[in-house]
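Novice:
Residue numbers (the numbering used here), protein chains in the order written: chain A, 1 to 326; chain B, 327 to 615.
1. Starting from the C-beta of residue 614 (chain B), find all residues in its chain whose C-beta is less than 7 Å away, skip the five residues before and the five after it, and write them out in chain order.
2. Tell whether a beta-carbon distance below 8 Å holds between residue 262 (chain A) and residue 249 (chain A).
3. Could you tell me which residues DSSP pairs with residue 65 (chain A) in its beta bridges?
4. With 16 as the cutoff for other CB atoms within 10 Å, does residue 175 (chain A) come out buried or exposed?
5. Pairing CB atoms from the segment 294-302 of chain A with CB atoms from the segment 457-472 of chain B, are three or more of them under 8 Å?
6. Going by the beta-carbon positions, is the gap between residue 464 (chain B) and residue 545 (chain B) smaller than 8 Å?
7. From this set, B:493, B:402, B:466 and B:513, which residue's C-alpha is nearest residue 562 (chain B)'s C-alpha?
8. For residue 133 (chain A), return the contacting residues in chain B, with the cut-off set at a CB-CB distance below 8 Å.
9. Considering only the beta carbon of each residue, do residue 489 (chain B) and residue 43 (chain A) sit closer than 8 Å?
10. Have a look at residue 596 (chain B) and residue 384 (chain B) and give me their C-alpha separation to the nearest angstrom.
11. Which residues in the same chain as residue 388 (chain B) place their Cβ atom closer than 7 Å to its Cβ, once the five residues preceding and following it in sequence are excluded?
12. Count the other CB atoms within 10 Å of the CB of residue 274 (chain A); is the residue buried (16 or more) or exposed (fewer)?
13. Return the CA-CA distance between residue 386 (chain B) and residue 103 (chain A), expressed in angstroms with no decimal places.
14. Does any residue of chain A bring its CB to less than 8 Å from the CB of residue 377 (chain B)?
15. As a quick exercise: from A:61, A:92 and A:89, pick the residue whose alpha carbon is nearest that of residue 79 (chain A).
16. Starting from residue 142 (chain A), find everything on chain B with Cβ-Cβ shorter than 8 Å and list it in chain order.
17. Output the boundary residues of the alpha helix (DSSP H) element that contains residue 281 (chain A).
18. Just how far apart, CA to CA, sit residue 67 (chain A) and residue 139 (chain A)?
19. Could you give the uninterrupted runs of the alpha helix (DSSP H) lying entirely in the segment 193-279 of chain A, keeping only those of 4 residues or more?
20. Given that a residue counts as buried once 16 or more other Cβ atoms are within 10 Å of its Cβ, and exposed if not, what is residue 54 (chain A)?
21. Could you say which of B:539, B:527, B:526 and B:425 lies nearest to residue 485 (chain B) if we only look at CA atoms?
22. Quick one: does residue 239 (chain A) have its CB under 8 Å from some CB of chain B?
23. So with Cβ pairs under 8 Å, would you call residue 50 (chain A) a contact of chain B?
24. Examine chain B for any beta-carbon lying closer than 8 Å to the beta-carbon of residue 316 (chain A), and answer yes or no.
25. Would you mind giving the Cβ-Cβ distance between residue 235 (chain A) and residue 207 (chain A), rounded to the nearest angstrom? I have them listed as a contact below 8 Å.
26. Compute the Euclidean distance between the alpha carbons of residue 99 (chain A) and residue 106 (chain A), then round it to the nearest angstrom.
27. Does residue 291 (chain A) come out as helix, strand or coil in the three-state DSSP assignment?
28. Pair every Cβ in the segment 395-414 of chain B with every Cβ in the segment 551-570 of chain B, then say whether three or more of these pairs are closer than 8 Å.
29. Whole angstroms is fine: what's the gap from residue 413 (chain B)'s alpha carbon to residue 446 (chain B)'s?
30. Using CA coordinates, which residue listed in A:59, A:119, A:258 and A:146 is at the minimum distance from residue 87 (chain A)?
31. Quick one: give me the first and last residue of the alpha helix (DSSP H) that residue 165 (chain A) is part of.
32. Can you tell me the Cβ-Cβ gap for residue 193 (chain A) and residue 152 (chain A), rounded? I've got them flagged as a contact below 8 Å.
33. Check each candidate in A:246, A:281 and A:127 and name the one with the smallest Cα separation from residue 230 (chain A).
34. Given this structure, state the Cα-to-Cα distance separating residue 41 (chain A) from residue 214 (chain A), to the nearest angstrom.
35. Of all the options A:233, A:49, A:232 and A:179, which has the alpha carbon lying nearest to the alpha carbon of residue 461 (chain B)?
36. Going by Cα to Cα distance, which pick from A:246, A:278, A:147 and A:243 is closest to residue 258 (chain A)?
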């Protein structure tokens, strides 16, 4: 007992004599036992407070509704259990279906182009013969530092007929302005902002995974007479698939979270409504029309949808790669 | 004859093999730089010139625009910039330390609940921000924190992706032998982490910090939902409100454009500077592990 207390009082002195060794070892084992919990504690506490509790709270809210009880002006709003009422409302709301349709069109344009260009640039950077690589890599990466809202603002002015440099040229040629911010154009305009902001980051992820491929594999292929294109198609792209899956999932999550860019362009155009994408509908429900339960239900649907889609992508690619190895 | 011809053709092919990839890369670089160039030239234009002169010609209104920008709303732009630095700086640093500690523990210790903790946190990567933002707002307003600086800072400290990267980095960069050796020397677990683990994890930490800093700096939704006082806005929300108000009066367009230009500069510089220190191969290599 005394040895332990003495030892505890002077933890910096390990050589406290033979009798202290045994309790010291016990003490050591107990701190090794507790140490990892101390290290993860801040993360776990913050995770519970700011992720777990809000999710449970949102799920709870999504099953409730506010009803007026009593009559007329004197009626009070009471929170009641509403079952799946909010979810039925979510799936039958036509503005929401339009929102998902807008999101789908936007995603079908932006995700393949972003990933395709990122892969192309990464492969070119990895070519021994290409020049000006350092400059190009840095330049293509720079938009990553520009917040989505600011990017939307920049491009917005480049789309706006009165300030657009592109429309300036077409006007001078007598062709009129380019309808970037009108109805079919808006999808391309928004997708372009996403491509511009996303290509560099995805390019770097793919490029670093290409650089991890051992050089000997290429030498063997070159000795067999394979050209750079064949090497890219047969060796590099298959080896970069984990990176492509990762960037694909990031792009998917990014697409589903589209909010800031259309919100920023909204003052510049009439075609973006208050409910143009699902997140804008959530914001409107929660803060403008005071329908918190509806907003919560839609949030839950979106979260579950994101997880399901990401899981599907992972499952599909795992199945394909394990099938290929057999 | 034929040998010469083949050699000529080979030389031509190799030149083409050099020119086409380089040209495509340069086109990509131009595409990415054009909007940045545009916003810088547009900043030099007086409001009239913005609508009348060709976009890429510099104008005469640079100083006028800048003084207009910094005097807007009684110097609100400066406040917004300061807030952005504060949110992203403090949030980034704290988040990096929380992630590093957690990642180190998850990589270097066997303990009960390790997998449960790791996979629950990892699942958080997939949760869309807004799904959290609204309940976070409701919960924080119940404890009276909504609207304050903490309401933007606290929710952004937990970074599932940062923890994941830190774990990947710790397991490859901190050798178990060194931890054991430190233990045998009698160092406490906390000391071992501070003296051995932490210094070895610095490159990984720089990466996590950059990702978090840029993530918070670029965040729009959370501060947009949480904050109501214009003086505590970060740049993204501030410039958005400026633009939304400017749709009625194009005079504010110049202020919005100059504001965007000025806000882009520090982050580009930071990124150019930190580019050589960060280890993005973590991101691509991470999925295999």
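Every residue, glycine too, gets a C-beta built ideally from N, C-alpha and C.
Specialist: Taking the coordinates as given:
1. Working through the second chain from its first residue, we reach residue 614 (chain B) at position 288. Bear in mind that the predicted position of residue 614 (chain B) carries a pLDDT of just 38, short of 50, making it too unreliable to give a figure here.
2. By 1-based counting over the first chain, the position of residue 262 (chain A) is 262. By 1-based counting over the first chain, the position of residue 249 (chain A) is 249. No, they are not a contact pair.
3. In the first chain, residue 65 (chain A) corresponds to position 65, counting from 1. In DSSP, residue 65 (chain A) forms a bridge with A:80.
4. Along the first chain, one-based indexing puts residue 175 (chain A) at 175. With fewer than 16 other Cβ atoms within 10 Å, it is exposed.
5. yes
6. The residue labelled residue 464 (chain B) in the question sits at position 138 within the second chain. The residue labelled residue 545 (chain B) in the question sits at position 219 within the second chain. For residue 464 (chain B) and residue 545 (chain B), no; Cβs fall outside 8 Å.
7. Locating residue 562 (chain B) in the second chain gives position 236, counting from the first residue. Taking each of B:493, B:402, B:466 and B:513 in turn and checking the Cα distance to residue 562 (chain B), the smallest one comes out for B:402.
8. Your numbering for residue 133 (chain A) matches position 133 in the first chain. Correct list: 351.
9. Residue numbering aside, residue 489 (chain B) sits at position 163 when the second chain is read from its first letter. Residue numbering aside, residue 43 (chain A) sits at position 43 when the first chain is read from its first letter. Yes, these two residues count as a Cβ contact at 8 Å.
10. Along the second chain, read from residue 1 onward, the residue named residue 596 (chain B) stands at position 270. Along the second chain, read from residue 1 onward, the residue named residue 384 (chain B) stands at position 58. For the pair residue 596 (chain B) and residue 384 (chain B), the Cα-to-Cα distance works out to about 26 Å.
11. On the second chain, residue 388 (chain B) is found 62 positions in, with the first residue counted as 1. The residues are 369 and 370.
12. Here residue 274 (chain A) refers to the residue found at position 274 of the first chain. Exposed: under 16 other Cβ atoms inside 10 Å.
13. Taking the first residue of the second chain as 1, we reach residue 386 (chain B) at position 60. Taking the first residue of the first chain as 1, we reach residue 103 (chain A) at position 103. Rounded to the nearest angstrom, the gap between the Cα atoms of residue 386 (chain B) and residue 103 (chain A) is 41 Å.
14. The residue you call residue 377 (chain B) lines up with position 51 of the second chain. So yes, residue 377 (chain B) belongs to the interface.
15. Your numbering for residue 79 (chain A) matches position 79 in the first chain. Minimum Cα distance to residue 79 (chain A) is reached at A:61.
16. For the purposes of this step, residue 142 (chain A) is identified with residue 142 of the first chain, where counting begins at 1. The contacting residues are 358, 359, 362, 594 and 597.
17. In the first chain, counting from the first residue as 1, residue 281 (chain A) sits at position 281. Per DSSP, residue 281 (chain A) belongs to the alpha helix (DSSP H) from 278-283.
18. If you number the first chain from 1, residue 67 (chain A) lands on position 67. If you number the first chain from 1, residue 139 (chain A) lands on position 139. Straight-line Cα distance between these residues: approximately 56 Å.
19. 215-223, 228-231, 241-256 and 260-265
20. Residue 54 (chain A) sits at position 54 when you count from the first residue of the first chain. Classification of residue 54 (chain A): buried, given that the 10 Å Cβ count is 16 or more.
21. As a first step, residue 485 (chain B) is located in the second chain; it is residue number 159 there, counting from the start. Of B:539, B:527, B:526 and B:425, the residue nearest in Cα terms is B:425.
22. Taking the first residue of the first chain as 1, we reach residue 239 (chain A) at position 239. By this cut-off, residue 239 (chain A) is not an interface position.
23. The sequence position of residue 50 (chain A) within the first chain is 50, counting from 1. Yes, residue 50 (chain A) lies at the interface with chain B (some Cβ there is under 8 Å from its Cβ).
24. By 1-based counting over the first chain, the position of residue 316 (chain A) is 316. It does not; no Cβ of chain B falls within 8 Å.
25. Translated into the one-based positions of the first chain, residue 235 (chain A) becomes position 235. Translated into the one-based positions of the first chain, residue 207 (chain A) becomes position 207. Rounded, the Cβ-Cβ distance is 15 Å, inconsistent with contact.
26. For the purposes of this step, residue 99 (chain A) is identified with residue 99 of the first chain, where counting begins at 1. For the purposes of this step, residue 106 (chain A) is identified with residue 106 of the first chain, where counting begins at 1. Roughly 11 Å between the two C-alpha positions.
27. Residue mapping note: residue 291 (chain A) aligns to position 291 of the first chain, counting from 1. Here residue 291 (chain A) carries a coil assignment [DSSP, helix/strand/coil].
28. yes
29. Translated into positions along the second chain, residue 413 (chain B) becomes position 87. Translated into positions along the second chain, residue 446 (chain B) becomes position 120. Looking at the two C-alpha atoms, the distance is approximately 26 Å.
30. Counting from 1 along the first chain, the entry for residue 87 (chain A) is found at position 87. Considering only alpha carbons, the answer is A:59.
31. Mapped onto the first chain, residue 165 (chain A) falls at position 165. Counting along the chain, residue 165 (chain A) sits inside the alpha helix (DSSP H) bounded by residues 165-172.
32. In the first chain, residue 193 (chain A) corresponds to position 193, counting from 1. In the first chain, residue 152 (chain A) corresponds to position 152, counting from 1. With 8 Å as the limit, residue 193 (chain A) and residue 152 (chain A) qualify as a contact, their Cβ atoms being about 6 Å apart.
33. Mapped onto the first chain, residue 230 (chain A) falls at position 230. Of the candidates A:246, A:281 and A:127, the one whose C-alpha sits nearest the C-alpha of residue 230 (chain A) is A:127.
34. Position 41 of the first chain, counting from 1, holds the residue named residue 41 (chain A). Position 214 of the first chain, counting from 1, holds the residue named residue 214 (chain A). Roughly 40 Å between the two C-alpha positions.
35. Here residue 461 (chain B) corresponds to residue number 135 of the second chain, with the count starting at 1. The shortest Cα separation from residue 461 (chain B) among A:233, A:49, A:232 and A:179 belongs to A:49.
36. Residue mapping note: residue 258 (chain A) aligns to position 258 of the first chain, counting from 1. Closest by alpha carbon: A:278.
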